[in-house]
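Under this note's numbering, the first residue of the sequence shown carries the number 5, and numbering increases by one thereafter.
No residue lacks a Cβ here, since even glycine has one placed at the ideal position from N, Cα and C.
Everything numeric in this text was worked out from a predicted model, so none of it was measured.
Below is one structure; the comments refer to it alone.
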Amino acid sequence: MVTTAATEKTFSHVPAIDGLTLAVEVRQPSGHPTLLFAHGFGQTRGAWVGTARALAAEGFRCVTFDARGHGESGHVAGGDYHMEQFIGDLRLLAHAELSKPVLVGASMGGLLGLVLAGEIDPTAFRALVLVDITPRWETKGVERILAFMQAHPDGFASYAEASDEIAKYMPHRAEKKTEDQLRPLLREGADGRLRWHWDPAMLNGLVSESERYQPRLMAAAAKVRVPVLLLSGGRSDVVSHDTVNEFLQLVPHAEHVVLPRATHMVAGDANDAFTREIARFVGELSSRDRSDAVTV
């Protein structure tokens, strides 16, 4: 384990139930309460860096990790990925904490949290923050994301080429990604080409079967009893007015906040506003806990 005193950050490889290792990073190890961040498909724990740093500076314990098949975590032998594996990993990390964490789950990470909290283990989390995801999503928006992920099977000749392609995919962002920003996202192959950090086998298993899970996800959402905050991007093409309203009917106690400038990549598009909303929501949870303790 490596510790950087200046940022109070630790890194470790945590073994999953099946022996595969998960890359886990903790900021403010002695902080409280705990926020457990679960990224979206094709992302890494790096998606949370800005938010995790800011919230750690406010005293929160921030746990980020690479999902299996992503970043520095292990790949499943033979490429046989299924949702239950990812749920199991999330459950393992949640119960490794001394106190119930608040899950901050983006896209895939949020869906895993819904199943865990609503169907499998209601005690896993103190609360849920769902980032631009609902149990039923807009197919065209997801197809656009997957089309980009599948568009470069042979990788890129340079970081500059990768940066140009990302800029075309996200034209709303004024600045291109730098080589330093891209290094955690790309891996150099034996042929010298740069390819995405995630295991392409996931596209054939996990992704291909995702829509058939929607009835299960909706049923799980209806059983969630912990506090829920849904943060959606005002420019998202993955969630919509219809899917959000459907979710709020399933989870009537949920709070919904729209970040107008954000697309589906909420944390990257509106990081300051995104971070403020999480801090506010968690702060209100803490105030409620103190009030309940006094009442008792």
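Assignment of Trp141 by DSSP, reduced to helix, strand and coil, places it in the coil class. Leu198 places its beta carbon less than 8 Å from that of Ala166. In the DSSP assignment, Arg220 falls within the alpha helix (DSSP H) that extends over Gln218 to Ala226.
Distance between Glu88 and Gln218, taken at the CA atoms: about 14 Å.
Residue pairing of Val106 in beta bridges, as defined by DSSP: Leu39 and Ala131. Per the coordinates, the alpha-carbon of Leu235 lies some 14 Å from the alpha-carbon of Thr55. Taken through DSSP and simplified to helix, strand or coil, Arg57 comes out as helix. By the CB criterion at 8 Å, Ala271 and Ala27 fall outside the cutoff. Straight across, the Cα-Cα distance linking Val135 with Leu116 is about 12 Å. According to DSSP, Phe160 shares a beta bridge with Leu198.
For Val119, the enclosing alpha helix (DSSP H) covers residues Met112 to Val119. Annotation: Arg229 to Val119 spans about 12 Å, alpha carbon to alpha carbon. Taking C-alpha positions only, Leu150 is separated from Val242 by approximately 12 Å. A distance below 7 Å between beta-carbons, with the five flanking residues on each side excluded, links Met222 to the following residues of its chain, in chain order: Pro139, Arg140 and Leu254.
For Leu233, the enclosing beta strand (DSSP E) covers residues Val232 to Gly237. Per the C-alpha coordinates, the member of Arg239, Ala121 and Pro204 positioned closest to Arg220 is Ala121. Residue environment for Arg31: buried (at least 16 other C-beta atoms within 10 angstroms of its C-beta). Straight across, the Cα-Cα distance linking Gly82 with Pro204 is about 11 Å.
DSSP places His99 in the uninterrupted alpha helix (DSSP H) bounded by Met87 to His99. Pairing Asp84 with Ser77 gives a Cβ-Cβ distance that is not under 8 Å. In this structure, the CA atom of Ala42 is about 13 Å from the CA atom of Phe129. With a threshold of 16 other beta carbon atoms within 10 Å, Pro105 meets it and is buried. With fewer than 16 other CB atoms across the displayed protein chains lying within 10 angstroms of its CB, Gln154 is exposed.
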